[in-house]
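**Q** Below is a structure I'd like to ask you about.
Number of protein chains: 2
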Amino acid sequence: MTVEVGLRERKKAATRAALAAAANRLAVELGVEHVTVEAIAAAADVSPRTFHNYFSSREEAIVASIIDWAERLTDELEKRPADEPMWDSLQHVFLDSVDESADGHARLIRQLEMIKANPAVIASQLSALDTMRRRFAETIAARTGTDASRDLYPHLIAGAAGHAVKTAMDLWALGQHDRLLRDLVAEAFALVRAGLPEPGRS
Amino acid sequence: MTVEVGLRERKKAATRAALAAAANRLAVELGVEHVTVEAIAAAADVSPRTFHNYFSSREEAIVASIIDWAERLTDELEKRPADEPMWDSLQHVFLDSVDESADGHARLIRQLEMIKANPAVIASQLSALDTMRRRFAETIAARTGTDASRDLYPHLIAGAAGHAVKTAMDLWALGQHDRLLRDLVAEAFALVRAGLPEPGRS
DNA sequence: CGAAAATTTGCAGAGTCAGCAAAACTGCCG
DNA sequence: CGGCAGTTTTGCTGACTCTGCAAATTTTCG
Chain A
1 MTVEVGLRER
11 KKAATRAALA
21 AAANRLAVEL
31 GVEHVTVEAI
41 AAAADVSPRT
51 FHNYFSSREE
61 AIVASIIDWA
71 ERLTDELEKR
81 PADEPMWDSL
91 QHVFLDSVDE
101 SADGHARLIR
111 QLEMIKANPA
121 VIASQLSALD
131 TMRRRFAETI
141 AARTGTDASR
151 DLYPHLIAGA
161 AGHAVKTAMD
171 LWALGQHDRL
181 LRDLVAEAFA
191 LVRAGLPEPG
201 RS
Chain B
1 MTVEVGLRER
11 KKAATRAALA
21 AAANRLAVEL
31 GVEHVTVEAI
41 AAAADVSPRT
51 FHNYFSSREE
61 AIVASIIDWA
71 ERLTDELEKR
81 PADEPMWDSL
91 QHVFLDSVDE
101 SADGHARLIR
111 QLEMIKANPA
121 VIASQLSALD
131 TMRRRFAETI
141 AARTGTDASR
151 DLYPHLIAGA
161 AGHAVKTAMD
171 LWALGQHDRL
181 LRDLVAEAFA
191 LVRAGLPEPG
201 RS
């Protein structure tokens, strides 16, 4: 994949990363509504017009890190042993991606709070997660011999896994700091793998 | 809930409905990018400024029918017998909402195609579906004695059910016209309820 | 009817975003 | 090197979105 290593490609990647980082940082620091494209561009040392060559909206830049995360996770998923049960692979990949340091937790909470505060950013986040889900479905289809354009399975399991992680994070950020995020994610996976049986029924 | 039946309330609801209908119709007919707020407002016989009193973005108006759908479904869900297994209630409510007429199918396909064609509308759709998911989670929590602000269960099952329906629809619209949409939805539910076992494994 | 409350509207202003063409830059071959 | 070809950056412009504010209009209710 990443075979193009010319100066040109590296510069493009760097510009994109700088814009995404600036957008995210400013959104967290100042609040989304106080961040303009002009300010993001200035922070990344490019013209406002260039910003729009990389991102089609301010919100897209703010949540660009989700796409990067998704790319890393897809790579990880592809590296899992081919004979490992699909659910185990997914759980492994997602659990490994959770930063358990105190600093990581603090950052994550700030992220989620910033996103939650603005409907347009929420929509962009969901969009990014949906893109991630589609990538996952492709990878899963390839590994399980299913067809992402015809079979429900790869989409359903990718969606279920992604949603389990999102739900665990959202609930955790909402006040379950007494529990480890890791454990909450694991519990969500367990529930979904069990077919979500109704609690308190035989 | 809907106890306010004064002229004022009825007019507001009518204006909102007219704007949503106009926005959706124009988006399907002309394509999303060729629809301006001005045109929507004109079609609903109000000023452009009034449009923004009802919807905070063009896309929100275009997908407003999803919110209406969600409201109807939540009502249906609340009406299900309290002792019915949760999964059965959900499956029932969603399956009943599928319009199986040829005309309904054609409309649904045009809808999905219109949405798919524009990233901003996709994001708004996901946002609306997320709102629906949250409503469902509240209702489910109330019925299963769980707490939507602490427990994973209501969110996970609401998300799984909603995503099952969305996946079935998307795949169906993509070319599975040989199969009944109803059957695809039922199959998706069955897979999720079974915990998404890997196909072709013992 | 007439006052109080809510809704609609016009206007102004800040901001987003895309198309276009010129300027600046990078890669590469002679 | 030098310079051409292909890419990226940039400024400019125009259409459009969206919000705040205050005036005008409409509805409600005593």
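Protein chains in written order, with full-length UniProt numbering: chain A, 1 to 202; chain B, 1 to 202.
Cβ atoms here follow ideal geometry from the backbone N, Cα and C, with glycine treated the same way.
Please list the partners that S65(A) has in chain B, where partner means a Cβ-to-Cβ separation under 9 Å.
**A** Translated into the one-based positions of the first sequence, residue 65(A) becomes position 65. Correct list: empty, because the minimum Cβ distance to chain B is about 17 Å.
**Q** Are the C-beta of S127(A) and some C-beta of chain B separated by less than 7 Å?
**A** Against the first sequence, residue 127(A) aligns to sequence position 127. Yes, contact with chain B.
**Q** Taking the beta carbon of R8(A) as the centre, do at least 16 other beta carbons fall within 10 Å, making it buried, or is it exposed?
**A** As a first step, residue 8(A) is located in the first sequence; it is residue number 8 there, counting from the start. Burial call: exposed.
**Q** Would you mind telling me which residues of chain A sit closer than 7 Å to P199(B), beta carbon to beta carbon, in chain order?
**A** The residue given as residue 199(B) occupies position 199 in the second sequence. Per Cβ cutoff of 7 Å: T144, T146, Y153.
**Q** Cα separation between A64(B) and V32(B)?
**A** In the second sequence, residue 64(B) corresponds to position 64, counting from 1. In the second sequence, residue 32(B) corresponds to position 32, counting from 1. Distance between the alpha carbons of A64(B) and V32(B): 14 Å.
**Q** What does the alpha-carbon distance come out to for the pair A43(B) and K11(B)?
**A** As a first step, residue 43(B) must be located in the second sequence, where it is residue number 43. As a first step, residue 11(B) must be located in the second sequence, where it is residue number 11. Rounded to whole angstroms, A43(B) to K11(B) spans 16 Å at the Cα level.
**Q** Go through the segment 57–110 of chain A residue by residue and report every complete run of the alpha helix (DSSP H) that reaches 4 residues or more, in order.
**A** Listed in chain order, the alpha helix (DSSP H) elements of length 4 or more contained wholly in the segment 57–110 of chain A are 58–62, 64–79, 86–97.
**Q** Does I157(B) come within less than 7 Å of chain A when only Cβ atoms are used?
**A** The residue you call residue 157(B) lines up with position 157 of the second sequence. I157(B) counts as touching chain A.
**Q** Can you list, in chain order, the residues of its chain whose CB lies under 6 Å from that of V3(B), leaving out five sequence neighbours each side?
**A** By one-based count along the second sequence, residue 3(B) stands at place 3. Unreliable positioning characterises V3(B) in this predicted model, as indicated by a pLDDT of 46, which lies under 50. The coordinate reading is nonetheless provided below. Sequence-distant Cβ neighbours of V3(B) in its own chain, meaning closer than 6 Å and more than five residues away, do not exist here.
**Q** My understanding is that G200(A) touches G145(B), with C-beta atoms under 8 Å, so please give their C-beta distance in whole angstroms.
**A** As a first step, residue 200(A) is located in the first sequence; it is residue number 200 there, counting from the start. As a first step, residue 145(B) is located in the second sequence; it is residue number 145 there, counting from the start. Correct: roughly 6 Å between the Cβ atoms.
**Q** What in chain B is Cβ-close to D130(A), meaning under 7 Å?
**A** Here residue 130(A) refers to the residue found at position 130 when the first sequence is read from its first residue. Neighbours of D130(A) on chain B, chain order: L126.
**Q** Determine, using beta carbons only, whether M169(A) comes closer than 7 Å to chain B.
**A** Numbered from its first residue, the first sequence carries residue 169(A) at position 169. Answer no: the Cβ-Cβ gap between M169(A) and chain B never drops below 7 Å.
**Q** Counting only beta-carbon atoms, is A123(B) nearer than 7 Å to chain A?
**A** Here residue 123(B) refers to the residue found at position 123 when the second sequence is read from its first residue. At least one chain A Cβ lies under 7 Å of A123(B).
**Q** Check the C-beta distance from I66(B) over to A20(B) and give it rounded, since I have them as a contact under 8 Å.
**A** Indexing the second sequence from 1 puts residue 66(B) at position 66. Indexing the second sequence from 1 puts residue 20(B) at position 20. Rounded, the Cβ-Cβ distance is 10 Å, inconsistent with contact.
**Q** Quick check on this structure: which residue in A194(A), Q176(A), P197(A), M169(A) has the alpha carbon closest to the alpha carbon of V185(A)?
**A** Here residue 185(A) refers to the residue found at position 185 when the first sequence is read from its first residue. It is M169(A).
**Q** Could you give the first and the last residue of the continuous alpha helix (DSSP H) run that contains N118(B)?
**A** Position 118 of the second sequence holds residue 118(B). Counting along the chain, N118(B) falls outside any alpha helix (DSSP H), and DSSP gives it neither H nor E.
**Q** Listed from N- to C-terminal order along the chain, which residues in the segment 105–122 of chain B have their beta-carbon within a distance smaller than 9 Å of any beta-carbon of chain A?
**A** P119, A120, I122
**Q** Name the two residues that bound the continuous alpha helix (DSSP H) containing R182(A).
**A** As a first step, residue 182(A) is located in the first sequence; it is residue number 182 there, counting from the start. Judged by DSSP secondary structure, R182(A) falls within the alpha helix (DSSP H) whose first and last residues are 181–193.
**Q** What is the rounded straight-line gap between the Cα of L77(B) and the Cα of E71(B)?
**A** Taking the first residue of the second sequence as 1, we reach residue 77(B) at position 77. Taking the first residue of the second sequence as 1, we reach residue 71(B) at position 71. Distance between the alpha carbons of L77(B) and E71(B): 10 Å.
**Q** Assess, as a yes-or-no matter, whether the segment 93–102 of chain B is touched by the segment 171–190 of chain B under the definition of 3 or more beta carbon pairs within less than 8 Å.
**A** yes
**Q** Between the Cα of S57(B) and those of A120(B), M114(B), A161(B), spot the shortest distance and give me the residue it belongs to.
**A** Numbered from 1 along the second sequence, position 57 holds the residue referred to as residue 57(B). Comparing Cα positions, the closest option is A120(B).
**Q** When Cβ atoms are compared, which residues of the segment 70–83 of chain A fall closer than 8 Å to chain B?
**A** none
**Q** Contact check, A148(A) vs H155(A) under 8 Å by CB: the rounded distance?
**A** Locating residue 148(A) in the first sequence gives position 148, counting from the first residue. Locating residue 155(A) in the first sequence gives position 155, counting from the first residue. About 7 Å separates the CB atoms of A148(A) and H155(A); that is less than 8 Å, so the two are in contact.
**Q** Excluding the 5 residues preceding and the 5 following M1(B) in the sequence, name in chain order all residues of the same chain whose CB lies nearer than 7 Å to its CB.
**A** For the purposes of this step, residue 1(B) is taken as residue 1 along the second sequence, with counting starting at 1. At M1(B) the pLDDT is 39, less than 50, meaning the model places this residue with poor confidence; the figure from the coordinates comes in the next sentence. For M1(B), there are no CB contacts under 7 Å within the same chain when 5 residues up- and downstream are skipped.
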